[in-house]
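Numbering follows numbering that gives the first Met the number 0, in which position 137 of the sequence shown is assigned residue number 136; successive positions increment by one, without gaps.
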Amino acid sequence: MREKYMIFTLLMIAFAVGFFMISSKIVTEKLQVIEETDHKIKVAQEKLNSAKILDQQLSQFAMIIDNSLTKSNSFSFDEVNEFKKTIGELAHQRTISLTKLVDSKKFSLPNLIETTYTIEMEASFVQTGQFVSDLEALDNIIKIHSIDITPAQVNDKDKANDKTSVSKYRVSIELSVFKVKKEI
């Protein structure tokens with residue numbers, strides 16, 4: 000009888016060891032599958048995020064192209080005034096004082112319409128950089144031809160009163176706004 004219990008105990012131990020080995024192997028395999036799936040999900044998520052960013056950038060670019068296509072031979076009076084208004088709003092947001100804003104039509108290549116703007120303003124270097132950055136963010140095709148920065152003339156009275164103020168400069172920017180004429 001003792002041998003039967005001994006054999007039974009050994010069989011139970013062997014069965015328990017076998018059970019734990021098999022379950023350990025199954026758990027290890029499942030963990031590997033989970034890790035592989037997790038890696039695939041991470042890669043897919045990275046691709047999705049990249050695609051979202053690319054889609055956003057391309058939609059902004061498409062909007063710029065749509066805004067730059069026209070059937071007319073020149074910029075309309077309303078378009079010129081709207082752009083001038085936008086420049087004025089950008090300058091106001093940055094507390095920049097505009098002293099001159101002039102537009103002129105320019106002869107350009109066939110199927111390309113160009114209007115040149117000359118902007119003169121008084122601003123600090125930081126304000127000028129922010130203003131140029133704002134111009135680049137507009138939904139138009141813009142080419143900046145030149146930026147001329149000279150120190151603004153300050154009276155001796157103003158120097159005495161404004162020792163802590165930021166240096167102001169007279170900034171002249173010449174830029175062109177382009178439109179592409181649609182081919183019919």
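From the three backbone atoms N, C-alpha and C, an ideal C-beta is built for every residue, glycine too.
Problem - Spatially closest choice to residue 177 from 86, 171, 143 and 31, by CA coordinates - result: Within the sequence shown, numbered from 1, the residue matching residue 177 stands at position 178. When each option's Cα is compared against that of residue 177, the closest is 143.
Handout entry: Within 7 angstroms, strictly: CB atoms of residue 140 and residue 168
Key = Numbered from its first residue, the sequence shown carries residue 140 at position 141. Numbered from its first residue, the sequence shown carries residue 168 at position 169. The answer is no: Cβ separation not under 7 angstroms.
Exercise for the section: For residue 44, collect the residues of the same chain with a Cβ closer than 7 angstroms to its Cβ; drop the 5 residues on either side in sequence, then sort them by chain order. Expected result: Along the sequence shown, read from residue 1 onward, the residue named residue 44 stands at position 45. Closer than 7 angstroms at the Cβ level, and outside the excluded window around residue 44, lies no residue.
Handout entry: Top-ranked residue by Cα proximity to residue 120, from 112, 103, 90 and 104
Key = The residue you call residue 120 lines up with position 121 of the sequence shown. If we check each option's Cα against that of residue 120, 90 comes out closest.
Exercise for the section: Measure the C-alpha to C-alpha separation of residue 102 and residue 55 and round it to an integer number of angstroms. Expected result: On the sequence shown, residue 102 is found 103 positions in, with the first residue counted as 1. On the sequence shown, residue 55 is found 56 positions in, with the first residue counted as 1. Computed Cα separation, rounded: 32 angstroms.
Handout entry: Straight-line Cα distance separating residue 16 from residue 2
Key = Mapped onto the sequence shown, residue 2 falls at position 3. Mapped onto the sequence shown, residue 16 falls at position 17. Straight-line Cα distance between these residues: approximately 21 angstroms.
Practice task
Could you tell me the boundaries of the beta strand (DSSP E) in which residue 122 lies?
Solution key: The count along the sequence shown starts at 1 and reaches residue 122 at position 123. It spans 111-122 - the beta strand (DSSP E) in which residue 122 sits, taken as one unbroken run.
Problem - Counted within 10 angstroms of its Cβ, other Cβ atoms place residue 112 as buried (16 or more) or exposed - result: Along the sequence shown, read from residue 1 onward, the residue named residue 112 stands at position 113. Buried, because 16 or more other Cβ atoms sit within 10 Å of the Cβ of residue 112.
Practice task
Mark residue 13 as exposed unless 16 or more other C-beta atoms lie within 10 angstroms of its C-beta, in which case mark it buried.
Solution key: Translated into the one-based positions of the sequence shown, residue 13 becomes position 14. When all chains shown are included, residue 13 counts as exposed.
Exercise for the section: Give every residue of the same chain whose Cβ lies closer than 6 angstroms to the Cβ of residue 74, excluding the five residues on either side of it in the sequence, and list them in chain order. Expected result: Along the sequence shown, one-based indexing puts residue 74 at 75. Result list for residue 74: 114, in chain order.
Problem - residue 138: first and last residue of the uninterrupted alpha helix (DSSP H) it sits in - result: The residue you call residue 138 lines up with position 139 of the sequence shown. Segment: none, residue 138 is in no alpha helix (DSSP H) and carries neither H nor E.
Practice task
Give the range of the alpha helix (DSSP H) segment to which residue 18 is assigned.
Solution key: Taking the sequence shown and counting its residues from 1, one reaches residue 18 at position 19. Note, residue 18: alpha helix (DSSP H), 1-67.
Practice task
Please state whether DSSP places residue 97 in a helix, a strand or coil.
Solution key: On the sequence shown, residue 97 is found 98 positions in, with the first residue counted as 1. Three-state result, residue 97: strand.
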